[in-house]
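A.B. asks: Under this note's numbering, think of the first position of the sequence shown as -13, with each following residue one higher. Yeah, the Cβ is synthetic: ideal placement off N, Cα and C, and Gly gets one too.
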Amino acid sequence: MAGRYGEDVLAGDWRRRKVTPEVDAEPDLVVEDADSGFCGAVVGFEAGAVVLEDRHGRRRNFPLLPAAFLLEGRPVTLRRPTRAPAPAARRRTASGSIAVDNVRAQVAKASRIWVEGVHDAALVERIWGDDLRIEGVVVEPLDGIDALDAEVRNFAPGPGRRLGVLVDHLVPGSKESRIVARLSSPHVLVTGHPYVDVWQAVKPAALGIPAWPVVPPGRPWKEGVCAALGVGEPADMWRRILSRVDSFADVETPLINAMERLIDFVTEPR
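(1) Taking one C-beta from the stretch 231 to 251 and one from the stretch 177 to 188 each time, how about it: are there three or more such pairs within less than 8 angstroms?
(2) Going by other Cβ atoms of all chains shown within 10 Å of its Cβ, with 16 needed for buried, is ARG41 buried or exposed?
(3) What residue does the beta strand (DSSP E) around ILE99 start on, and which one ends it?
(4) Identify the continuous alpha helix (DSSP H) that holds PRO329 and give its terminal residues.
(5) For GLU8, report the span of its beta strand (DSSP E) as first-last.
(6) For HIS179, which residues in the same chain have their Cβ closer than 6 angstroms to its Cβ, ignoring the five residues on either side in sequence?
(7) Just checking my contact of GLU126 with ARG168 at CB under 8 angstroms: how many whole Å lie between their CB atoms?
(8) How would you label GLU254, buried or exposed, when you count the other beta carbons within 10 angstroms and need 16 or more for buried?
(9) Between which two residues does the alpha helix (DSSP H) harbouring PHE141 extend?
(10) In the DSSP output, what is VAL124 paired with across the bridge?
(11) Taking DSSP as the reference, what is the three-state secondary structure of ARG60?
(12) At which residues does the alpha helix (DSSP H) containing PRO190 begin and terminate?
(13) Quick check: the Cα distance between ALA221 and ALA142, rounded to an integer number of angstroms?
(14) Nearest to LEU57 by alpha carbon, out of ARG225, VAL182, PRO7, VAL29?
(15) Using the Cα positions of MET(-13) and CYS25, report the straight-line distance between them to the nearest angstrom.
(16) Any contact of the stretch 53 to 67 with the stretch 7 to 21, i.e. 3+ C-beta pairs under 8 angstroms?
(17) Take every Cβ of the stretch 132 to 148, pair it with every Cβ of the stretch 190 to 200, and state whether three or more of those distances are shorter than 8 angstroms.
(18) Can the beta-carbon of LEU156 be found closer than 9 angstroms to that of VAL138?
(19) Specify the secondary structure class of ARG168 as computed by DSSP and reduced to three states.
(20) Below 8 angstroms CB to CB, which residues in the same chain sit around ARG1 once its five sequence neighbours on both sides are set aside?
(21) Whole angstroms is fine: what's the gap from VAL5's alpha carbon to ALA33's?
(22) Smallest Cα separation from VAL183: which of SER171, HIS173, TRP224?
(23) Just verifying my parser: in three-state terms, what is the DSSP assignment at PRO49?
(24) In the DSSP assignment, the alpha helix (DSSP H) including GLU219 goes from what residue to what residue?
Take a look at the structure:
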């Protein structure tokens, strides 16, 4: 009889079978479609499907199938809330992207973004920190880029291990442009801004000055700026600069464009 009716459904430790939890698809809940890997925030429903929007504003519809989504890496079944909630106000991060709530930072990916120093890293964190934590991308400061080609070789970039590098004063004919020209890996993207130092990428208006001081050639730039503005030490000047930066609106467009390119490059699906 056992062979006729198949396996006894009560055999084994059936009480330990996992049950996929059901979660209300509230606005701005961030989930990942288990099949496609598309990750986005809930923005509504259409024809019985949930509408997800990713960080670039792209929208896709997904049917509310059992265990079809991942929430913080765990399978869940999304369900439409019993009452249509009032649309939530869309909060923006300091970078201008749509903020996502109720989601933890991802485990760091193998890909990285490098910047020239600790000031660059602090400014990037101030503006793009929320976006980078959601994407699981770590920003690491270098001590300049004089040994960049050797550093890149040691990093060993590859298809699942991309590297983006933000460089100061990346203009034709500069020392920085000659260093960058030695790199050729398709898994490395180097971009940057034209300013002598990342300080100069902050808009003068954010600091309450008409323009950045002109420093004569041969004099250290940061020290020259401090002397012209009556600030004793570069560390004091940097604290003043960083305290005046609240969002992307406080920095120049070339820095914004460079960082957005790097984030897109290191987070692009393989």
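C.D. replies: Taking the geometry as given:
(1) yes
(2) buried
(3) 98 to 101
(4) The first residue shown for the chain is -13 and the last is 256, placing residue 329 beyond what the model contains.
(5) 8 to 10
(6) ALA187, PRO240, LEU241, ALA244
(7) Not quite, the Cβ-Cβ distance comes to about 20 angstroms (not below 8 angstroms), so this is no contact.
(8) exposed
(9) 134 to 141
(10) ARG98
(11) strand
(12) 190 to 193
(13) 34 angstroms
(14) PRO7
(15) Low local confidence applies: a pLDDT of 44 at MET(-13) is under 50, so the model's placement there is unreliable, with the coordinate-based value given in what follows. The alpha-carbon atoms of MET(-13) and CYS25 are separated by roughly 49 angstroms.
(16) yes
(17) no
(18) no
(19) coil
(20) A caution first: ARG1 carries a pLDDT of 48, below 50, which makes its placement in the model unreliable, though a value can still be read off. Excluding positions up to five away in sequence, the list is empty.
(21) 27 angstroms
(22) The sequence shown places Asp at residue 183, rather than the Val named in the question. Ranking the options by Cα distance to ASP183, first place goes to TRP224.
(23) strand
(24) No alpha helix (DSSP H) holds GLU219; DSSP gives it neither H nor E.
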